[in-house]
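Residue numbers (my numbering), protein chains in the order written: chain A, 1 to 115; chain B, 1 to 113. To start, the structure itself, in structure tokens.
Have a look at this one:
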């Protein structure tokens, strides 16, 4: 158990819909990262938040957005869903930002299926 | 794009050592080499990291070439629970002072009983 929790575990929805994935980082971790893992693209970094502020962006679509709340939990919002958005979405957390070394702890993931 | 190159798959017999290679020819002087693994149906988990010297922990050893352009993750006695995809990663620093992991395709390790 990494200490990172993600809800829901599974989500099935239809094209065009909007969903919200939730992540609670490990106690004390200020950084939250979101990743998408699909069969054809592998594990892709989407976005990072540190203490409530966006700090790095990866291959995140404009239809996707995220935020980190004062209690440090984070939500990833996916809208106008397409079939190709079906994937595993992982959240990870780390203590700090980038100084020296920060191990990332990954949650169990949310499996999104878009029908 | 991933900064590392790994074989797609490897096999090992149970209880035998496994050497998982990784090439990272574009590594910079301050880049740490990270290894994570992803067990079936789980999120990635940290294995080990290093900068210049060889490193050991309870899970594995990391051997880093003198020129740092390649490294090898060593599992001293593979068990069936070590069957996973192993990722060798270099951090990609951003202009905002943080970094991101760029995962490659990793090496799928199969352990034979």
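Using N, Cα and C, we set each Cβ at its ideal position, and we do this for glycine too. Since the structure is predicted, the reported quantities are computational estimates derived from the model, not experimental observations.
Contacts around residue i, its chain only, beta-carbon distance under 6 Å, and the 5 residues preceding and following it disregarded
| i | result |
| --- | --- |
| residue 14(A) | 115 |
| residue 13(B) | 112 |
| residue 21(B) | 72 |
| residue 100(B) | 92 |
| residue 72(A) | 25 |
Same chain only: Cβ atoms within 8 Å of residue i, ignoring 5 sequence neighbours per side
| i | result |
| --- | --- |
| residue 113(A) | 10, 11, 12, 13, 86 |
| residue 69(A) | 52, 75 |
Per-residue burial, residue i [other beta carbons within 10 Å of its own, 16 or more giving buried]
| i | result |
| --- | --- |
| residue 103(B) | buried |
| residue 109(A) | buried |
| residue 82(B) | buried |
| residue 43(B) | buried |
| residue 63(A) | exposed |
| residue 40(B) | exposed |
| residue 25(A) | buried |
| residue 50(B) | buried |
| residue 29(A) | buried |
| residue 27(A) | exposed |
Own chain partners of residue i with C-beta closer than 7 Å, once the 5 adjacent residues on each side are dropped
| i | result |
| --- | --- |
| residue 11(B) | 110, 112 |
| residue 4(B) | 22, 23, 24, 88, 89, 90, 104 |
| residue 106(A) | 2, 4, 90, 92 |
| residue 36(B) | 44, 45, 46, 47, 87, 89 |
Closer than 6 Å: residue i CB and nearest the ligand MG heavy atom
| i | result |
| --- | --- |
| residue 75(B) | Ligands displayed in this structure: none; no statement on the ligand MG is therefore possible. |
Contacts of residue i in chain A (Cβ-Cβ under 7 Å)
| i | result |
| --- | --- |
| residue 42(B) | 108 |
| residue 53(B) | Ordered by position in chain A, no residue passes the 7 Å Cβ test against residue 53(B), which lies about 14 Å from the chain. |
C-beta neighbour in chain C for residue i, strict 7 Å
| i | result |
| --- | --- |
| residue 75(A) | No chain C appears in the structure shown, which is made up of the protein chains A and B. |
Where residue i meets chain B, residues with beta-carbon distance less than 8 Å
| i | result |
| --- | --- |
| residue 55(A) | 94, 96, 97, 98 |
| residue 50(A) | 98 |
Listed by chain order, chain B residues near residue i by CB distance under 9 Å
| i | result |
| --- | --- |
| residue 64(A) | Simply none; closest approach about 16 Å. |
Cross-chain neighbours of residue i in chain A, by beta carbon under 8 Å
| i | result |
| --- | --- |
| residue 102(B) | 45 |
Contacts of residue i in chain B (Cβ-Cβ under 7 Å)
| i | result |
| --- | --- |
| residue 82(A) | Near residue 82(A) there are no residues of chain B at all, since even the closest Cβ is about 23 Å away, more than 7 Å. |
Which residue spans inside the stretch 21-49 of chain A form an unbroken beta strand (DSSP E) run of at least 3? As far as the stretch 21-49 of chain A is concerned, its whole beta strand (DSSP E) runs of at least 3 residues are 31-38.
Report the start-end ranges of each beta strand (DSSP E) in the stretch 23-59 of chain B that is 3 residues or longer and not cut off at the edges. As far as the stretch 23-59 of chain B is concerned, its whole beta strand (DSSP E) runs of at least 3 residues are 33-38, 45-50.
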